[in-house]
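K.L.:
Sharing a structure with you now.
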Amino acid sequence: MRGELCIGSASFLSLVALLLLIFMHVGQINTSTVPRSISMMKVNVSAYGVAIAAATTPDPVTGLYTDNASEPLQQHLGLRNFYDWGLYQYCAYVNDTHGECSPHVTANRLQPYEALTSDMNDNFVRLTNSLIPATTFSDSQYLGEFTRGAYYLLLLGTIATALAFFTGLVRHAFGFFVSTVFAIVGSVFLLIGAVIWTVIVKKAEVINGYFIPTTPPVPLGVEVSVGNGILLAWAAFACLIGSVIPYMISCCTYRG
Ligand SMILES: *[C@@H]1O[C@H](CO)[C@@H](O)[C@H](O)[C@H]1NC(C)=O
Ligand SMILES: *[C@@H]1O[C@H](CO)[C@@H](O)[C@H](O)[C@H]1NC(C)=O
Ligand SMILES: *[C@@H]1O[C@H](CO)[C@@H](O)[C@H](O)[C@H]1NC(C)=O
């Protein structure tokens, strides 16, 4: 009975880890309810127009944003209020529910500066180049390379999680040994992937406190925040590493 409990808890934990990772992967693949609500990083630029207006006073700002949710991205057709990144693409929203997504790319690079400026017309791109400081937020090379690497780690972690779960269903001491190994390897991949994403978004967040040097200074209005996809990766890591000991005990004690 104790053995059954051990096997059951190991399978349960690795299954939960797998489900959490599946949710992480579907983030922003389209704009329907569940994918829309999951992202790795969020950028809110709804107040950027205020900063642009302050910088261009007395000229009024027209045409910075579009309110047509179905206008395609990356065509300089107008900024949206919210940009959310998933592992495969990003989506930009005019309001809480309506938006468009960029094309699907495996190991998509996180390049928020490119995403924002590719939606602005050329005048605003020039203005933005002079307003947004050279910080990690606009270092697309750095953000892009690290998030691309982190994607592969999370992908390998997901595959290892699935293998740990499915081999654990084969009720055999050797199966539990293989599950133990996959759970350990998967935990390491998930840990490193989650750490990279967390550090990257924390670094991009430096833009949040930035003011444009008008008198008086006005907040830049570009707000970066951590998406819940990163929390899913951390939670999956916690569940998977929690399954290691019960898999190990099952492996050593199973006499099925
Ligand atoms: C976006 O930023 C604006 C201005 O800072 C704020 O009022 C609004 O609540 C934010 N919206 C979301 C969804 O975070
Ligand atoms: C919104 O954009 C789409 C795609 O460009 C276009 O087909 C549609 O007519 C636009 N809607 C309005 C109200 O302008
Ligand atoms: C969001 O924008 C879309 C398209 O412009 C509009 O149809 C919808 O009513 C808006 N939703 C909210 C909650 O404002």
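The sequence shown runs contiguously to residue 256 in the UniProt record's numbering. Just so it is clear, CB atoms sit at the ideal spot from N, CA and C, and this is done for glycine as well. For clarity, every value in this text was computed on a predicted model and none was experimentally measured.
1. At a cut-off of 7 Å, is E205 close to ligand 1 when judged by its beta-carbon and the heavy atoms of the ligand?
2. For Y93 and S179, I'd like the C-alpha separation in whole angstroms.
3. Quick check: the segment 202 to 212 against the segment 21 to 40, are at least 3 beta-carbon pairs closer than 8 Å?
4. If you draw a straight line from the alpha carbon of S250 to that of F12, how long is it in whole angstroms?
5. Under three-state DSSP, which class holds M41?
6. Please enumerate, following chain order, all residues with a beta carbon closer than 7 Å to at least one heavy atom belonging to ligand 2.
7. May I have the straight-line CA-CA distance separating Y142 from G49, to the nearest angstrom?
8. If you follow the beta strand (DSSP E) that F176 is in, where does it begin and where does it stop?
9. When the distance is taken between beta carbons, is T214 closer than 8 Å to A54?
10. What are the partner residues of Y152, as DSSP defines its beta bridges?
11. By Cβ distance, which residues of its chain are closer than 7 Å to F237, with the 5 residues on each side in sequence left out?
12. Hey, out of F174, E71, P58, L79, whose CA is closest to L64's CA?
13. Can you give the Cα-Cα distance for E4 and N95, rounded to whole angstroms?
14. Could you tell me which residues DSSP puts in a beta bridge with V218?
15. Tell me whether S46 counts as near ligand 1, meaning its Cβ is closer than 7 Å to at least one heavy atom of that ligand.
16. Excluding the five sequence neighbours on either side, which residues of its own chain have a C-beta within less than 6 Å of the C-beta of A47, listed in chain order?
17. Which of helix, strand or coil does DSSP assign to residue 260?
18. Can you give me the C-alpha to C-alpha distance between S39 and I29, rounded to a whole angstrom?
P.N.:
Reading off the structure:
1. Every heavy atom of ligand 1 is 7 Å or more from the Cβ of E205, so no.
2. Between the alpha carbons of Y93 and S179 lies a distance of about 41 Å.
3. Short answer: they don't touch.
4. The straight-line gap from Cα to Cα measures roughly 14 Å.
5. Collapsing the DSSP output to three states places M41 in a strand.
6. Look at which beta carbons fall closer than 7 Å to any heavy atom of ligand 2; those residues are N68, S70, E71, P72.
7. Within the model, the alpha-carbon separation for Y142 versus G49 is close to 27 Å.
8. Segment 173 to 204 is the alpha helix (DSSP H) holding F176; no beta strand (DSSP E) there.
9. Going by C-beta atoms, A54 is nearer than 8 Å to T214.
10. Residue pairing for Y152: DSSP places it in no beta bridge.
11. Within the same chain, F237 has close Cβ partners S187, L190, L191, A194.
12. Considering only alpha carbons, the answer is L79.
13. Straight-line Cα distance between these residues: approximately 50 Å.
14. Answer is I212, bridged to V218.
15. Checking the Cβ of S46 against ligand 1 gives yes.
16. Close CB contacts of A47 within its chain, under the 6 Å cut and outside five residues either way in sequence, are with G221 (chain order).
17. Because the chain is modelled from 1 through 256, residue 260 falls outside the range shown and cannot be assessed.
18. Computed Cα separation, rounded: 10 Å.
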